[in-house]
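S.K.: Got a structure for you, questions after.
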Amino acid sequence: MGKSAEWRTLDYSKRAGDSQGVDDVFSRAASGLDGRPTSTSDGEPSQRLHLHEGSPSTTFLTWSALGEFRPVLPLSRWTAVTRDEGVLNHLFALFWTWDHSLARILHRELLLDSLTADPEAPGHIDTCFCSQFLINSILAISTSCFYKSDGPSMFALRGSSFADEAFQLLAIQQEPIEVSLMQGVAILSVHEMTFGDLPLGTSLFFDKLSALKSSSTVLDGPGWLGYDRGNPKASKVEQAMASIANGFHCLDVRMSLIANRPATALGLSGTPPPQEEGVSPLWTPYPVAAEPQLSYHSQVSAAEYELTQMACEFLPAIEESRSSVVPDYCSSKELYDRFLAWKSSSPDMLRCQTIQAPSWTNLRVWFELVCLKLLEPFLGLSFSGFDGVESARSLSRSHCENLISHLWNYRASFGMRLECWLVYACHASVASLLTNLPLPGPHEDLLCRGCELLFEMGHYMPRANDLLLALQDEASLRNIEIPNACKPYLDAGAALARRINIRNVTPLLFTPANEGLELQSCQVTFGSHIEGLEEDQNQRD
């Protein structure tokens, strides 16, 4: 099976030595060993590189914007990383505010019921919807993706600390398989794909999570919980499980599309979300602004479900066209026309650019990404007209423009802190513009904007730098002349992604008396920071 460009970056993101398998990592975690690299930086992108002309002023989510934040949840009971309830509550709020895709696989009310339960009360705390493993996974993704410390970097909280604890808890996980276990594995896998070990993250999602689903009935309905129809909690649990299953289905299809898989990992089908009555719940862009706005949650859920159902149906056709010497034009055109017709009949909010909440931005980007994947096998065929007489290449450029514009406008409103999967969507657009369209051309300015977005994502998402390096290497391989305006972003991101090995280094260990003690010569691996010290092969007898 062919791999997409987004996931071929695995070759560029390998650390010194071979990547560890899931079982091996669990073994290390159980022993309390830290073997997974992280990457952070404190300099803002705008301080390191002049931004593209016309760049919107960016907003960064900082701790100082908290003001009089009051911690209300006892999160320190669920993690050993820090006891600072203010920080933990801040991280928890960031997750629920900004990570729509991962929040969709949770049920907040039931999670909070267990999280806030009195530990001194008789009986055991219900861990079906909340566990230490799940909470640490949530805090890991929130810290790495949305949190920015104003303090010195050496004292900054790191998402890898929560991820390390999550791996240790996963290593000792016992039966039975609960919803919180599957939720934690999904969230931890996304964290690894973006901030840690890419092969490990993909294995967690497509292997570990798939195996958990196959060996349990967790997502098959509320019956496994043992609630009878007379229990007042049964109805709430039934609705919660349907919502959670839909969230997993959407995440599964999205990850499978990015990875160019012909089928989903979990094999869920999803159910139409219930129509909500009354006023739409409010969404507050914490901590950027205090003014709430309508979330249009019901419309988002319905549109997201319909889009996901079509994308799931398209997966086999997309893979078949990609792997075929002569892709099936008629079938793909029919799917593409259906997709455009769906958008035309969808709620106006999908086409309205003034609504910039993360859920709507995700939906718009999701639509454009599916279109790009449908058109991708036909970009080299000039005769294939998909929309009237317009070629697939021309249509692809339009979808790239829309996708990058959605992210560009979102950045102008809320800053550059985005959900993890959006880095792959942005890269898909940039790669298509760079490798499938002639340069120079009218899309050059758009290409530069896409490179700038990836570069800014790389400030806190190491995977974005790997993708920039992959783009640079692909352009070199194809002898593509990169526009001068794009080179600074590609060069800066690629420089952070490259690994440099220096041999015959003699480390000094300073004692409390400030005396230097020479250690054995070794090989040092650098990325954006020192990633490893290994015995120098040339020094062995």
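Residue numbers (full-length UniProt numbering): 1 to 541. For each residue, glycine too, the CB sits at the ideal point set by N, CA and C. Being a predicted model, the structure only gives us computed values, none of them experimental.
Hey, Leu212 and Leu181: beta-carbon distance below 8 Å or not?
M.R.: In this structure, Leu181 lies closer than 8 Å to Leu212 by Cβ.
S.K.: For Phe367, which option in Leu157, Pro377, His406 has the closest C-alpha, if you only look at C-alpha atoms?
M.R.: The residue with the shortest Cα to Cα distance from Phe367 is His406.
S.K.: Looking at the secondary structure, which residues open and close the alpha helix (DSSP H) in which Met193 lies?
M.R.: Met193 -> alpha helix (DSSP H) spans 179-195.
S.K.: Taking the alpha-carbon of Asn402 as reference, which of Pro507, Thr361, Leu88, Phe455 has the nearest alpha-carbon?
M.R.: Closest option to Asn402, Cα to Cα, is Thr361.
S.K.: Would you please verify whether the beta carbon of Ser137 is less than 8 Å from any beta carbon of chain D?
M.R.: Protein chain content of the structure displayed is limited to a single chain, and chain D is not contained in it.
S.K.: Using alpha carbons as the reference points, say which of Phe414, Phe378, Cys400, Trp408 lies closest to Val430.
M.R.: It is Cys400 whose Cα lies nearest to the Cα of Val430.
S.K.: Please determine, among Arg158, Ser256, Gln183, the residue with the shortest C-alpha to C-alpha distance to Leu170.
M.R.: Leu170 has its Cα closest to that of Gln183, out of Arg158, Ser256, Gln183.
S.K.: Using a threshold of 8 Å, state whether the C-beta atoms of Leu490 and Ile482 are closer than that.
M.R.: Against a cut-off of 8 Å, the Cβ pair of Ile482 and Leu490 comes out as a contact.
S.K.: Does the beta-carbon of Gly32 have 16 or more other beta-carbons within 10 angstroms, so that it is buried, or is it exposed?
M.R.: Low local confidence applies: a pLDDT of 42 at Gly32 is under 50, so the model's placement there is unreliable, with the coordinate-based value given in what follows. Exposed.
S.K.: DSSP has Gln275 in a bridge; who is on the other side?
M.R.: Beta-bridge pairing links Gln275 to no other residue.
S.K.: Looking at Thr271: is its Cβ nearer than 8 Å to the Cβ of Val253?
M.R.: No; because the gap between Cβ atoms is not below 8 Å, this pair is not in contact.
S.K.: With the cut-off set at 8 Å, would you say Gln132 and Thr82 are in Cβ contact?
M.R.: No.
S.K.: Per DSSP, which residues does Leu282 bridge with? Please list them.
M.R.: DSSP lists Leu294 as partners of Leu282.
S.K.: Between Ser137, Arg108, Met461, which lies nearest to Ile244 when the distance is taken from Cα to Cα?
M.R.: Among Ser137, Arg108, Met461, the Cα nearest to that of Ile244 is on Arg108.
S.K.: Let me check understanding here. Comparing Cα to Cα, which of Leu446, Pro438, Pro442, Phe414 lies closest to Cys426?
M.R.: Checking every option, the nearest Cα to that of Cys426 belongs to Leu446.
S.K.: I need the DSSP call for Pro327, collapsed to helix, strand or coil.
M.R.: Three-state DSSP puts Pro327 in coil, outside helix and strand.
S.K.: Buried or exposed: where does Arg540 fall if 16 or more other Cβ atoms within 10 Å of its Cβ makes it buried?
M.R.: Note that Arg540 scores a pLDDT of 46, beneath 50, so its modelled location is shaky; the value from the coordinates is reported in the next line. Exposed.
S.K.: If you run the structure through DSSP and keep just helix, strand and coil, what is His443?
M.R.: Reduced to three states, the DSSP call for His443 is coil.
S.K.: Quick one: what's got a C-beta closer than 6 Å to His100's C-beta in the same chain, skipping five residues either side?
M.R.: So the qualifying residues of the chain are Pro358, Ser359, Asn362.
S.K.: Looking at the structure shown, is Asn484 part of a helix, part of a strand, or coil, going by DSSP?
M.R.: Coil.
S.K.: Can you say whether Val325 is buried or exposed, counting buried as having 16 or more other CB atoms within 10 angstroms of its CB?
M.R.: Val325 comes out exposed.
S.K.: Nearest-angstrom Cα distance between Trp224 and Val218?
M.R.: Because Trp224 carries a pLDDT of 48, less than 50, the predicted location of this residue cannot be relied on, and no value is offered for it.
S.K.: Taking only three categories from DSSP, how would you classify His107?
M.R.: His107: coil per DSSP, three-state reduction.
S.K.: Apart from the five residues just before and just after Thr59, which ones in its own chain have a Cβ nearer than 7 Å to its Cβ?
M.R.: For Thr59, the predicted model reports a pLDDT of 42, less than 50, meaning its position is unreliable; a value from the coordinates is still stated below. Result list for Thr59: Val288, Phe414, Gly415, in chain order.
S.K.: Closest to Ser280 by CA distance: which of Gly267, Pro274, Ser295, Glu291 is it?
M.R.: Among Gly267, Pro274, Ser295, Glu291, the Cα nearest to that of Ser280 is on Ser295.
S.K.: Closer than 6 Å by C-beta to Leu110: which residues in its own chain qualify, once you throw out the five before and the five after it? Chain order, please.
M.R.: Counting only Cβ-Cβ distances below 6 Å, and skipping sequence neighbours, we find Phe129, Ala240.
S.K.: Could you give the first and the last residue of the continuous alpha helix (DSSP H) run that contains Thr82?
M.R.: Segment: none, Thr82 is in no alpha helix (DSSP H) and carries neither H nor E.
S.K.: Let me know the secondary structure DSSP gives Glu313 once reduced to three states.
M.R.: Correct three-state label for Glu313: helix.
S.K.: Relative to the alpha-carbon of Arg463, which residue among Leu88, Leu496, Asp473 has its alpha-carbon at the smallest distance?
M.R.: When only C-alpha atoms are compared, the closest one is Leu496.
S.K.: Considering only residues of the same chain and omitting the five flanking positions on each side of Trp98, which have a CB-CB separation below 6 Å?
M.R.: Around Trp98: Phe146, Pro358.
S.K.: Return the first residue and the last residue of the alpha helix (DSSP H) that Ala166 is part of.
M.R.: Note, Ala166: alpha helix (DSSP H), 159-171.
S.K.: Could you have a look at residue 561 and say whether DSSP puts it in helix, strand or coil?
M.R.: Nothing about residue 561 can be read from this structure; the chain reaches only from 1 to 541.
S.K.: Quick check on this structure: which residue in Glu320, Leu307, Arg322 has the alpha carbon closest to the alpha carbon of Leu369?
M.R.: Ranking Glu320, Leu307, Arg322 by Cα distance to Leu369 puts Leu307 first.
S.K.: Our contact map puts Tyr410 next to Gln356 with C-beta atoms below 8 Å; I'd like the distance itself, whole angstroms only.
M.R.: With a Cβ gap of about 6 Å, Tyr410 and Gln356 count as contacting.
S.K.: Any idea what DSSP makes of Pro377, helix, strand or coil?
M.R.: In this structure, Pro377 counts as helix in the three-state DSSP scheme.
S.K.: Looking only at its own chain, which residues have a Cβ that is under 6 Å from the Cβ of Ala163, when we skip the five neighbours before and after it?
M.R.: Around Ala163: Ala140, His191.
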